[in-house]
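In the working numbering, the protein residues as written are 8 to 635.
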């Protein structure tokens, strides 16, 4: 690079010049002329193709000067290289040998001008003119490029675009308009967009649109238009007025986007929401962590939430009762996340503190990559169904007349108590009872009276038993009592005493007083049987022995227990009369101080002598009975 300045010190116009010249003297003459014309030239001289290409690559030049004829290089070749490099870079031939024909050919090939070496005075004005022209060419090229890009964008955009004159006549449309409306460009030129109008849109709508546009404002809305084939589509429309420098509207640019799919999806979503809001079922959605996203009106009502109460921050488990939330977290959500769905019974948290039984379905939803995005659930209240099922279960396991457990439930509880007795080492008793004179009452007073007697008998039996015992109607006038967790078989005697005492008073049936007695057979586990069938059979056998013995009594299946119970009953009877007969005796036993043999006190001991001729009854035999 070689800088130069003008002849004086006045400010000069900077100029970066590439000079293609084989003569150094001619180059200096050119530079002197430019300096005299007011240019401060930053220049470089080359005289070969390689030198020229290297110079173009290493710097940006304002202008290129080139000789036409050179020993090692030709001017027309230099011009071609410059035009390939930058079509707007000014190129001026400075030659002493170029002829008129060659000059014309050079201008046609893209040279801006030519100056003869013997007339270099023309050079500065030529340079100034060509620099100005180059700026205009570059500005025009940039504008053309922007216009081409804009045109390309309009042609390739997916949005429908058409341009109208101020009166609304169509002047231009893009391919997207043709695809959206079904109208080719040739059919709409000069027509108005009214050809797309849906006839059910009221005229007031378009009056409002034109009022907005004629005020110079942009109009935006979503409207329904009609396709060429008659079908309807939804278009998200923006219409922009274009104005000139004086503010007059010259054109309208309308852009539209087909949103039919979105509108229909919104409408479907709105319909679905309306359905979900009107259903009586609990419907909710939750994110992948179970946080609530949506809860319908029925869900809010079931949970006691207000219509506008915020659900953000709530977890799906918060909508469930304590056991329902536990099942949701441990079973339902993990199962749905794993398998895609879960279905079962659960409990919602009603208000206040109610457990609402529901039949629930939970679905897991995933995106296109298989990632879990959210859960949806629907739950239907099944309170009435549960009541009905409970009623059916009760009918299946209870006697309809007395309300007591029936044979099916008795056998189930008997099996359970046998297992429990085996684990705990307890005894249990099975008492088989029969109403002694039931047939006579049934035959004389009728079946309704017999039914009333059975119901009364069942309630009296039930009133004598512990909460954990079972009183069941076995069939006809037969009842079975299951007594579990007995510490001693002797406790059965106290139970039988209560049962017998319960029937000492008459039953009032059909306006009459009816006396009823019981015959009972008792089987003990495990001595009289280790399974339910054996215990029932043996208790039934013992009951028939009791009936054969005169009724209104009971028998153990085991002879030893019968003898023991008879002895105990005899002793109890004797004790009740011993005080009246004066059979109790007091014996005093002194207490001695072993250090000196002196009496320091005495102990009073109760003794029982049943008959004067009999020996004393041992205290160990009668004192525990007295304590009972």
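Yeah, the Cβ is synthetic: ideal placement off N, Cα and C, and Gly gets one too.
This one's a predicted model, so the numbers in the text were calculated from it and none came from an experiment.
Nearest-angstrom Cα distance between residue 350 and residue 245?
-> Looking at the two C-alpha atoms, the distance is approximately 49 Å.
Residue span of the alpha helix (DSSP H) that contains residue 39, given as start and end = Run containing residue 39: 31-43, per the alpha helix (DSSP H) assignment.
If residue 534 and residue 542 are in contact, beta carbons under 8 Å, what's the gap, nearest whole angstrom?
-> Their Cβ separation, rounded to whole angstroms, is 10 Å, which puts residue 534 and residue 542 out of contact at 8 Å.
Reduced DSSP category for residue 318 - H, G, I as helix; E, B as strand; rest coil | It is coil, neither helix nor strand.
So is residue 137 buried or exposed if we call it buried at 16+ other beta carbons inside 10 Å?
-> Buried: at least 16 other Cβ atoms inside 10 Å.
Find out if the Cβ-Cβ distance for the pair residue 293, residue 300 is shorter than 8 Å.
-> The answer is yes: Cβ separation under 8 Å.
From 517, 163 and 462, pick the residue whose C-alpha is nearest to that of residue 451; which is it?
-> When C-alpha distances from residue 451 are compared across 517, 163 and 462, the shortest belongs to 517.
Can you pull the DSSP bridge partners for residue 640?
-> With the chain covering only 8 through 635, there is no way to say anything about residue 640.
Buried or exposed by the 16-neighbour rule on C-beta atoms within 10 Å, applied to residue 384 | Label assigned to residue 384: buried.
Inter-residue spacing [alpha-carbon to alpha-carbon] between residue 551 and residue 526 = Spanning the two alpha carbons is a distance of roughly 8 Å.
Please classify residue 208: is it buried, with 16 or more other beta-carbons within 10 angstroms of its beta-carbon, or exposed?
-> That one is exposed.
With a cut-off of 8 Å on the beta carbons, I'd call residue 363 and residue 539 a contact; round off their distance for me.
-> Between residue 539 and residue 363 the Cβ distance is about 38 Å, and since that is not below 8 Å, they are no contact.
Completely contained beta strand (DSSP E) runs for the region 158-241, where each covers 3 or more residues = Annotation: the region 158-241 contains the following complete segments of the beta strand (DSSP E) (minimum length 3 residues), in chain order: 167-171, 177-180 and 226-233.
Taking only the alpha-carbon atoms, compute the straight-line gap between residue 396 and residue 243 and give it to the nearest angstrom.
-> Spanning the two alpha carbons is a distance of roughly 56 Å.
For chain D, is any of its Cβ atoms less than 8 Å away from the one on residue 592?
-> The structure shown contains no chain D; it is built from a single protein chain.
In this structure, does DSSP put residue 459 in helix, strand or coil?
-> Helix at residue 459.
7 Å Cβ shell around residue 14 - same chain, five flanking residues per side excluded | In this predicted model, residue 14 has a pLDDT of only 46, less than 50, meaning its place in the structure is not dependable enough to derive any value.
With 16 other Cβ atoms within 10 Å as the buried cut-off, status of residue 196 = When all chains shown are included, residue 196 counts as exposed.
Please report the Cβ distance between residue 529 and residue 549, rounded to the nearest whole angstrom; I am assuming they are in contact, meaning their Cβ atoms lie under 8 Å.
-> Correct: roughly 6 Å between the Cβ atoms.
Residue 412 - partner residues in DSSP beta bridges = DSSP lists 405 as partners of residue 412.
Which residue's Cα is closest to the Cα of residue 217: 236, 175, 129 and 233?
-> Per the Cα distances, 175.
If you compare alpha carbons, which of 311, 106, 173 and 96 is closest to residue 5?
-> Only positions 8 to 635 of the chain appear in this structure, which leaves residue 5 out of reach.
Helix, strand or coil: how does DSSP classify residue 441 here?
-> Note: residue 441 maps to strand in three-state DSSP.
If we ignore side chains and look at the alpha-carbon of each, how far apart do residue 19 and residue 162 end up?
-> Going by the C-alpha atoms only, they are around 48 Å apart.
Can you check the region 523-564 for any beta strand (DSSP E) of at least 3 residues that lies completely inside it and give the ranges in chain order?
-> With a minimum length of 3 residues, the continuous beta strand (DSSP E) runs that stay inside the region 523-564 are 525-532 and 561-563.
Tell me residue 333's beta-bridge partners as DSSP assigns them.
-> Paired residue(s): none; residue 333 is not in a bridge.
Could you say if the region 114-129 and the region 46-62 meet the contact criterion of at least three C-beta pairs nearer than 8 Å?
-> Output reads no: the region 46-62 does not touch the region 114-129.
Indicate the three-state DSSP secondary structure (helix, strand or coil) for residue 18 in the structure shown.
-> Coil at residue 18, not helix or strand.
Rounded C-beta distance between residue 306 and residue 289? I'm assuming under 8 Å.
-> Between the beta-carbon of residue 306 and that of residue 289 there is about 4 Å, and that keeps the pair under the 8 Å contact cut.
Start and end of the beta strand (DSSP E) containing residue 298?
-> Counting along the chain, residue 298 falls outside any beta strand (DSSP E), and DSSP gives it neither H nor E.
Measure the alpha-carbon distance for residue 448 versus residue 423 and round it to whole angstroms.
-> Taking the straight line from one Cα to the other gives about 36 Å.
Out of 386, 129, 61 and 609, which has the shortest C-alpha to C-alpha gap to residue 335?
-> For residue 335, the nearest C-alpha among the options comes from 386.
Per DSSP, which one or two residues make a beta bridge with residue 633?
-> In the DSSP assignment, no residue is bridged to residue 633.
Buried versus exposed, by CB contacts within 10 Å (16 or more), residue 522 | Around the beta carbon of residue 522, fewer than 16 other beta carbons sit within 10 angstroms, so the residue counts as exposed.
Curious, which full-length beta strand (DSSP E) runs of at least 3 residues does the region 373-407 contain?
-> Correct list: 379-388.
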